[in-house]
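Below is one structure; the comments refer to it alone.
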Amino acid sequence: MAFPERFMNLPDYAFPRLRALLADITPGLAPGQTPMILTIGEPRHPMPGFVAEIMAASIGQLAKYPPNEGAPELLSAIGGWLGRRYDLDVTPDRLMVLNGTREGLFNAALALCPEVKNGQRPAILIPNPFYQVYAVAAAAVQAEAVFVAATPDTGNLPDYASLEPALLDRVALAYLCSPANPQGAVADRTYLETLVTLAERHDFLILADECYSEIWRDTPPPGALQVATAMGLADRVVMFNSLSKRSNLPGLRSGFAAGGAAQIARMRQLRNYAGAPLPLPVQRVSEAAWGDEAHVAVSLALYQDKYRIADRVLGDISGYLPSEGGFFLWLPVADGEAAARKLWAEAGIQVLPGAYLSRAVDGMNPGAGFIRVALVADAAQTEAALTRLRAVLYDDRAEG
């Protein structure tokens, strides 16, 4: 059976491409050094101490089918967190539980993208670089994926407002990630207000990927649903978040979507047929995690320490931009693939070429001159790795 043609133009996923890129290289390590894998965004801080106890106490609930949209207690805990974090009053019918945000970001396109918009093929706006599930979702619904550059010239956020009105009238969905993966940029209130106004004017939905919202440098980032609600336009946004980064529980596969009641109802209906509900022990752990801020504060302090380390080690590099949120550095290099090979060969450090996270448009790939570095190791390992990285990539060229 032939693979659907609409998926044939998708590039290979980033990590298989990286394995192929480095396959012929033996990592260069000095005596006593170990390889440093700074590619994948997998948190390594301690998970909350209550996880094992709650999981064990609720293990008997594996004998029950769990509620598809989420147990009432979990929906209440998520709603409580949204109230504390964003001063939002989100009723349970405007929430649904997810197996991590990736499920929701994909299925939202299936549930919410129309087949036709204003008599034409719909378009989906995607920041470039981007989380790869956005492009797969656009392909799945056979919409036109419009990749909009998010570069230092645009504040590392997509300038959707600069697009032609005729294109915007075809837009059905617009993805936004803030804090941004990979650049670490944060969409402020002015940016979000402009985007929500644009969505209202051209009648499209914003899919706000906010899974890094609890990792920030100085100030908690505003939320898209928070801003839209204050504008009286809450139905223009569906937001997504999870416990993967906030609570260092990526393996729990627990997240949620929040939005307008009509949008969530359509997503729930799709999930009734095509989704897999979270096991009840997972939901019980999730309920406790959304209700607890102490472990989040501890983890945040560790990330903020690593921001300071990165600034100290790399701050005078030409083109270095401090990350405003999330746990990635987006470092400028002449060529991302060449830099990744050089780092692995000379320092035993794995990083991800920026081109693997972005798409060439008109022959230009906005990620080609960058590498992504994940700040997931502890502070001592991070400082050692960044010091080695600097020595290999930057100390042999002029700074300024």
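1 is the number of the first residue of the sequence shown in UniProt numbering; add one for each residue after it.
Backbone N, C-alpha and C fix where the C-beta goes; we use that ideal spot for every residue, glycine too.
All of these numbers come straight from a predicted model, not from anything done at the bench.
Residue i versus the options, residue with shortest Cα-Cα distance
| i | options | result |
| --- | --- | --- |
| tyrosine 320 | Asp335, Ala172, Cys211, Pro152 | Pro152 |
| valine 196 | Ala276, Asn365, Ala63, Leu168 | Leu168 |
| glycine 119 | Val373, Val171, Ala111 | Val171 |
| glutamate 193 | Pro222, Ala185, Tyr175 | Pro222 |
| isoleucine 126 | Gly41, Leu280, Ala297, Leu205 | Leu205 |
| alanine 355 | Leu343, Trp344, Cys211, Ala339 | Ala339 |
| glutamine 132 | Ala57, Phe106, Ala199 | Phe106 |
| proline 67 | Met96, Met55, Leu88, His45 | Met96 |
| alanine 310 | Gly79, Leu393, Ser58, Ala379 | Ala379 |
| phenylalanine 130 | Lys117, Val141, Val148 | Val148 |
| leucine 74 | Glu293, Ile349, Glu287 | Glu287 |
| aspartate 316 | Phe327, Leu331, Asp305 | Leu331 |
| isoleucine 215 | Gln283, Pro122, Leu302 | Leu302 |
| tyrosine 307 | Glu324, Asp292, Val285 | Glu324 |
| glycine 41 | Val376, Ala276, Ala297, Gln381 | Val376 |
| methionine 36 | Pro366, Leu352, Ser358, Met364 | Leu352 |
| leucine 225 | Met364, Val90, Val361 | Val90 |
| glutamine 381 | Asp12, Arg44, Thr26 | Arg44 |
| alanine 374 | Pro48, Lys245, His295 | Lys245 |
| methionine 267 | Ala109, Leu38, Leu300 | Ala109 |
| residue 432 | Lys342, Asp362, Leu357 | Only positions 1 to 400 of the chain appear in the structure, and residue 432 is not among them; the question remains open. |
| alanine 276 | Arg253, Thr219, Arg284, Val298 | Arg253 |
| residue 443 | Ile25, Leu62, Ser213 | With the chain represented from 1 up to 400, any question about residue 443 goes unanswered, as that position is not in the structure. |
N- and C-terminal bounds of the alpha helix (DSSP H) containing residue i
| i | result |
| --- | --- |
| tyrosine 191 | 189 to 202 |
| alanine 258 | Looking at the DSSP string, alanine 258 is not in any alpha helix (DSSP H); the run it does join, the beta strand (DSSP E), is 255 to 258. |
| proline 21 | Per the sequence shown, residue 21 should be read as leucine rather than proline. Counting along the chain, the alpha helix (DSSP H) containing leucine 21 begins and ends at 14 to 22. |
| methionine 267 | 261 to 274 |
Three-way DSSP call (helix, strand, coil) for residue i in this model
| i | result |
| --- | --- |
| lysine 306 | helix |
| methionine 47 | coil |
| arginine 341 | helix |
| serine 242 | strand |
| aspartate 209 | strand |
| arginine 397 | Because the pLDDT of arginine 397 is 48, which lies under 50, any placement of that residue in the model is unreliable, and the number read from its coordinates should be weighed accordingly. DSSP places arginine 397 in coil when its eight states are reduced to three. |
| isoleucine 371 | strand |
| isoleucine 215 | coil |
| alanine 172 | strand |
| threonine 382 | helix |
| proline 31 | coil |
| methionine 231 | coil |
| leucine 352 | strand |
| isoleucine 37 | strand |
| alanine 149 | strand |
| valine 237 | strand |
| valine 298 | helix |
| alanine 361 | For the sequence presented, residue 361 should be read as valine rather than alanine. Note: valine 361 maps to strand in three-state DSSP. |
| glycine 325 | strand |
| valine 392 | helix |
CB-CB length for residue i against residue j, believed under 8 Å
| i | j | result |
| --- | --- | --- |
| glycine 104 | glycine 255 | 6 Å |
| tyrosine 264 | alanine 274 | It is isoleucine, not tyrosine, that sits at residue 264 in the sequence shown. 16 Å between Cβ atoms; not a contact. |
| leucine 157 | alanine 187 | 6 Å |
| alanine 345 | glycine 28 | 5 Å |
| aspartate 209 | threonine 101 | 6 Å |
| glycine 336 | isoleucine 371 | 5 Å |
| asparagine 128 | serine 299 | Incorrect: roughly 29 Å between the Cβ atoms, too far for contact. |
| valine 392 | alanine 334 | Rounded, the Cβ-Cβ distance is 13 Å, inconsistent with contact. |
| isoleucine 54 | arginine 284 | 5 Å |
| glutamine 183 | alanine 145 | So it is not a contact: roughly 19 Å between Cβ atoms. |
For residue i, the first and last residue of its enclosing beta strand (DSSP E)
| i | result |
| --- | --- |
| proline 281 | Looking at the DSSP string, proline 281 is not in any beta strand (DSSP E); the run it does join, the alpha helix (DSSP H), is 280 to 290. |
| leucine 329 | 328 to 332 |
CB contact check: residue i to chain B, cutoff 8 Å
| i | result |
| --- | --- |
| asparagine 118 | The question asks about chain B, but that chain is absent: this structure has only one protein chain. |
Heavy atom of the ligand GTP within 7 Å of residue i beta-carbon
| i | result |
| --- | --- |
| threonine 39 | As far as ligands go, the structure on display features none, and thus does not contain the ligand GTP. |
Alpha helix (DSSP H) runs wholly inside the region 79 to 147, at least 4 long, in chain order: With a minimum length of 4 residues, the unbroken runs of alpha helix (DSSP H) contained wholly in the region 79 to 147 fall at 100 to 112, 133 to 140.
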